[in-house]
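Notes follow once the structure below has been shown.
Residue numbers (the numbering used here), protein chains in the order written: chain A, 2 to 676; chain B, 2 to 354.
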């Protein structure tokens, strides 16, 4: 039968008018489209930059990349992917011309594009396929200039179709052509030789220079429509970075994207919504007249907008709709900062309320007269009138609930606490004006930290009768990944444990376990801390792409041991540092603290998320050649509104902590759940 | 009526007849390995009716118990006739019980005419191709190999930059936009839409610059020139197959290239304190080749012979591979521009005592 079919095929007259088989015609048409765009596809090489001072760290894709000419006088647009390290030297080769020095003009942080300029004229500019003409199913060829150093030869080609429109919150066209570092920055070309868009790694749920790279060659690739690139070009040419436009609020339920109306949780101070007079509890119902039923619709409507664009926002309050017209969207302005009360809560406390383990000196709590041993029973909004109703009793107050409420109180607002005094004392109410988290760490954290003999509130019913303790070397049976865990011998499942995830420096994976355990052993027993050491795949250091896999087993420790979710810290020194930063931002649901010594921040920090707090402990040796870079990272984090504690060590080298810093780190670890 | 509607539909699906024509020319191979990181299975293309099979020169072949499954389900033993690491290929022969080596096997297998295939013009970027392999050991015995569709992404060398690829083959390769190079695909066939053999699918290979996997095939006419006994020797896939089938192939002994020993340039760099200190020129020895070439203090050497030079160490490594008398094309960053300088290395000056 198969043979018969074969013969049948040969006998059937070919249907094409030119006697050409239709696939062959398509193949030729695509090749000719590629040829016509090829002269506008440039090769980009970079050197130097932030990575120069660092060593391995989190290795990122480097090497050549691709760009597309967007104006005859030498403007070239490319993906921001290769500019994450802020290279000092950029070289562009336009086909048929000698290599030129290029300057970075500006970046579009919403679409992850970077605009470059070379001294050239008379360049050919591609024609854009208008967005209205882009249809799912159209042939699409992804072109790159990285595989072949010779720009006189054809660019690399991957052929697919347009797979979807309006992806990544309305910013990108999707294609099944293979998109990867091979062609990031290159064009996605239509069969007629016009250009759909510029290829970029993008991710709907992550931001950052390299977000979306994990999808390379997966059949899910993205291109920013060239029409949008041309529209943004005049603004980019002025040299000012373009940022995503924001309304300046955090929804009450940031993870419920598709099923609940968008209720305003916290309003960023000075943000567009705050200025318009929107309040916590308002429900967003429309943007520019387009209805918004849930969060994803809001993302789709705001996704294509930049800082400085204007929108009208309709909200519902107390059953009445009102529209704020001409709100100017904000850019990367500080999000709402976490608020701080100034108490260290006692952990593993089953009774309702939060027992105060210690009060931070000079904190709002201290000023209001809260004392160690007091029990906070209720929290409610402070009111100016003395006869206002008392704070309403919700579900019993716990440490985590108190922390969530305090963190999200709008700046400038006070809260009213109902506190039962120590040792059967009377119950009192007090108004507390909250403050920013302190810049200095708390000097000491007294013991005990947990309610003695109490049953942990969230203890799973079934626990292993006797969890393993000591230094445990393990291998993941499916992934084959090695890791180690240290559980103090006095481990008690009734006491929640902190978790310190040690990101080893390059080349030390697994081998430094004994040293790390030796340094931390005593502290682990006294302060209830478990250590975990994932191991990088390559001796050359950590790869951003292995973050999730490396964390797989570490996350599972929470099923086996009583881990306090508020005290999970990623810790790295030297070449382990960049991975600690990376995990802090990438594993937002898991990591609550990042402790780094001797490593600069190499990614753009994301916004703080009040529901998933993240604090930083940074240290740098005064003699570290990267000192200036580390300080720059610290500044960026602080500007974003993250609690950052920074120490300069007078005598320490690049990848070690001095004794005083180690002590400070230990206290910081034990006070991460301060409220 | 039935034919009228079925006809054009079949004609626009040209992959079916090609797949049916190509698949019997592949054999599934099972050999050594199976432990971590080494795949114990692969595939090969039949290149003679007598049972000669061309495949990738992988560790999998390192066994006396190599087994080939033919398309029709026959399970045969195979032996390695010859291998050429420079081309990353090996030639196998299927063994028929009772037939001593050297005698015709009488197999009369469907096969590719490699000499013919090598004469065809090479494929170019954008050409539609099909890849045939046994990725992830999905097929055994008479189960068909996997067919994938894609285009030639590029035709280029994989060794554009040293250290980017850990790979012995230095000639031009076909890069493919389909994910062909999976475990078990090495030695598979890359064909055009007429079923002509274009190349041999390679192994799993990672680009260490971008940390991404690369899909490539070694062209049927792959050619590499190396030095043997002081003379250039050219090896090619068709010549290799021809000689190996005749039982006359002698692998080339490539000479170590570490004999170059470098040359004198006379550039004084800024102190090399960091792992990646950029190659900034601090000073030039008077009358040195660099001074004569017109290099200046504060120049930043950015490219040598078109290849990026990110650090002082990279520049020095490059010089160690060069010889006195050799001319290097330097592109240096000077102010806002890029200047090209021809630097002819000299014999190192005699040390003054």
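For every residue, glycine included, the Cβ atom is placed at its ideal position computed from N, Cα and C.
So if DSSP puts residue i in a beta bridge, which residue, or which two residues, is it bridged to?
i: residue 284 of chain B; result: B:269
i: residue 133 of chain B; result: B:148, B:190
i: residue 505 of chain A; result: Partner(s): none; residue 505 of chain A has no beta bridge.
i: residue 208 of chain B; result: B:213
i: residue 429 of chain A; result: A:420
i: residue 485 of chain A; result: A:474, A:534
i: residue 199 of chain A; result: A:188, A:225
i: residue 720 of chain A; result: The structure shown does not extend to residue 720 of chain A, since chain A is modelled only from 2 to 676, so the question has no answer here.
i: residue 594 of chain A; result: A:570, A:616
i: residue 340 of chain B; result: B:333
i: residue 104 of chain A; result: A:118
i: residue 69 of chain A; result: A:42, A:78
i: residue 263 of chain A; result: A:285
Alpha carbon to alpha carbon, what distance is there between residue j and residue i?
i: residue 289 of chain A; j: residue 145 of chain B; result: 57 Å
i: residue 629 of chain A; j: residue 575 of chain A; result: 15 Å
i: residue 101 of chain A; j: residue 150 of chain A; result: 15 Å
i: residue 23 of chain B; j: residue 183 of chain A; result: 30 Å
i: residue 229 of chain B; j: residue 324 of chain B; result: 18 Å
i: residue 109 of chain B; j: residue 31 of chain A; result: 40 Å
i: residue 19 of chain B; j: residue 41 of chain A; result: 36 Å
i: residue 344 of chain B; j: residue 154 of chain A; result: 27 Å
i: residue 484 of chain A; j: residue 521 of chain A; result: 17 Å
i: residue 100 of chain B; j: residue 106 of chain B; result: 6 Å
i: residue 577 of chain A; j: residue 412 of chain A; result: 36 Å
i: residue 437 of chain A; j: residue 513 of chain A; result: 38 Å
i: residue 565 of chain A; j: residue 593 of chain A; result: 10 Å
i: residue 70 of chain B; j: residue 157 of chain A; result: 36 Å
i: residue 208 of chain B; j: residue 510 of chain A; result: 23 Å
i: residue 198 of chain B; j: residue 540 of chain A; result: 39 Å
i: residue 66 of chain B; j: residue 79 of chain B; result: 8 Å
i: residue 155 of chain B; j: residue 632 of chain A; result: 44 Å
i: residue 597 of chain A; j: residue 181 of chain A; result: 31 Å
Between residue i and the rest of its own chain, which residues show a CB-CB distance below 7 Å, the 5 nearest in sequence each way excluded?
i: residue 517 of chain A; result: 503, 532, 534
i: residue 7 of chain A; result: Note on residue 7 of chain A: pLDDT 40, under 50, position unreliable in the model; no value is reported.
i: residue 236 of chain A; result: 243
i: residue 445 of chain A; result: 668
i: residue 297 of chain A; result: 258, 259
i: residue 105 of chain A; result: 84, 91, 115, 117
Considering residue i, what are the terminal residues of the alpha helix (DSSP H) in which it resides?
i: residue 497 of chain A; result: Segment: none, residue 497 of chain A is in no alpha helix (DSSP H) and carries neither H nor E.
i: residue 523 of chain A; result: 514-528
i: residue 316 of chain B; result: 313-321
i: residue 556 of chain A; result: 548-561
i: residue 479 of chain A; result: Careful: residue 479 of chain A lies outside any alpha helix (DSSP H) and carries neither H nor E.
i: residue 664 of chain A; result: 660-671
Among the residues of its own chain, which have a CB less than 6 Å from the CB of residue i, if the five just before and after it don't count?
i: residue 116 of chain B; result: 239
i: residue 82 of chain B; result: 92, 94, 245
i: residue 108 of chain A; result: 81, 115, 242
i: residue 272 of chain A; result: 249, 331
i: residue 406 of chain A; result: 380
i: residue 300 of chain B; result: 282, 333, 335
i: residue 635 of chain A; result: 619, 645, 647
i: residue 121 of chain A; result: 75
Report yes if the C-beta of residue i is less than 6 Å from at least one heavy atom of the ligand ZN; otherwise report no.
i: residue 367 of chain A; result: As for the ligand ZN, it is missing from this structure, which has no ligand bound.
My understanding is that residue i touches residue j, with C-beta atoms under 8 Å, so please give their C-beta distance in whole angstroms.
i: residue 169 of chain A; j: residue 226 of chain A; result: Not confirmed; about 11 Å, so no contact.
i: residue 230 of chain A; j: residue 78 of chain A; result: 6 Å
i: residue 34 of chain B; j: residue 60 of chain B; result: 6 Å
i: residue 280 of chain B; j: residue 304 of chain B; result: Rounded, the Cβ-Cβ distance is 11 Å, inconsistent with contact.
Can you give me the start and stop residues for the beta strand (DSSP E) that residue i sits inside?
i: residue 89 of chain B; result: Neither: residue 89 of chain B is in no beta strand (DSSP E) and is coded neither H nor E.
i: residue 173 of chain B; result: 173-177
i: residue 628 of chain A; result: Per DSSP, residue 628 of chain A belongs to no beta strand (DSSP E); it is in the alpha helix (DSSP H), 628-641.
i: residue 358 of chain A; result: 355-360
i: residue 70 of chain B; result: 67-70
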